[in-house]
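Everything below concerns the one structure shown next.
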Amino acid sequence: MGDITLGFYPDTAPNHVENLLELSRSEFYDGTLFHRVIKGFMIQGGDPLSKDDNPANDGTGNGPRSLKAEFSSRLHTRGILSMARGGHPDSASCQFFIVHQDAHSLDGKYTVFGYVIEGMDVVDKIATTPVDGQKPREKMVVRSVEVTSR
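Those letters in the sequence shown? Residues 33 to 182, per the working numbering, in order.
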């Protein structure tokens with residue numbers, strides 16, 4: 033579908049930024065899926081279990097470590113990169129989401145750690161793909177993640 037270029041907020045979420053960069057450099061995200069899509073809300077990816085052939089476990093995987101929440105005054109507006117988590121605020125590990133449309137109900141509850149620089153058209157395509165429930169009918173594969181400096 034195309035490339036998504038992200039920028040980060042190391043000033044307000046240094047551990048989340050470093051975690052995503054470390055996982056990206058280790059090719060952790062290569063081959064994972066955007067496994068959860070809610071039109072007008074967000075697209076979610078980063079689950080290592082989404083690489084297998086069992087869609088029933090997509091969204092249940094974790095990374096090598098859990099992160100303490102780094103909540104800030106940054107808002108969940110269109111194009112924001114935020115960390116997905118379980119029920120506990122300090123349970124984020126590897127799954128992330130990109131906000132498709134403003135989602136202020138998440139403000140102060142999920143760690144905002146980046147934003148889309150380029151590729152919102154790709155986010156829009158993923159966010160409007162046909163779904164069964166919240167799972168895309170077609171696999172939305174993260175082919176590779178490249179870490180560069182600007």
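Glycine included, every Cβ here is placed at the ideal spot set by N, Cα and C.
Measuring alpha carbon to alpha carbon, tell me which residue in the options is nearest residue i.
{"i": "A88", "options": "G95, L107, L99 and H67", "result": "H67"}
{"i": "G95", "options": "C126, K167 and S114", "result": "C126"}
{"i": "S176", "options": "G151, G146, F60 and Y41", "result": "F60"}
{"i": "P121", "options": "D85, F103, V154 and F128", "result": "F103"}
{"i": "Q133", "options": "D62, K83, S56 and G72", "result": "G72"}
Between the alpha carbons of residue i and residue j, how many angstroms are there, rounded?
{"i": "I112", "j": "V174", "result": "18 Å"}
{"i": "H110", "j": "H136", "result": "The amino acid at residue 110 is misidentified as His; the sequence shows Arg. In a straight line, the C-alpha of R110 is about 10 Å away from that of H136."}
{"i": "V179", "j": "S58", "result": "10 Å"}
{"i": "T160", "j": "E54", "result": "30 Å"}
{"i": "H48", "j": "F145", "result": "6 Å"}
{"i": "M152", "j": "M74", "result": "12 Å"}
{"i": "T92", "j": "D79", "result": "7 Å"}
{"i": "A116", "j": "R97", "result": "14 Å"}
{"i": "V163", "j": "R169", "result": "5 Å"}
{"i": "G140", "j": "I149", "result": "22 Å"}
{"i": "F129", "j": "Y142", "result": "10 Å"}
Cβ of residue i within 9 Å of Cβ of residue j?
{"i": "D90", "j": "L65", "result": "yes"}
{"i": "V155", "j": "I36", "result": "yes"}
{"i": "Y147", "j": "L52", "result": "no"}
{"i": "S114", "j": "L99", "result": "no"}
{"i": "K171", "j": "G34", "result": "no"}
Pull the bridge partners of residue i from the DSSP assignment, please.
{"i": "V163", "result": "P168"}
{"i": "G34", "result": "For G34, which the question treats as bridged, DSSP gives no partner whatsoever."}
Are any of the Cβ atoms in chain B nearer than 9 Å to that of residue i?
{"i": "R57", "result": "Looking at the structure shown, chain B is missing, and only one protein chain is on hand."}
With DSSP run on the structure shown, which of helix, strand or coil describes residue i?
{"i": "H108", "result": "coil"}
{"i": "A101", "result": "coil"}
{"i": "V154", "result": "helix"}
{"i": "A88", "result": "helix"}
{"i": "R57", "result": "helix"}
{"i": "V173", "result": "strand"}
{"i": "S123", "result": "coil"}
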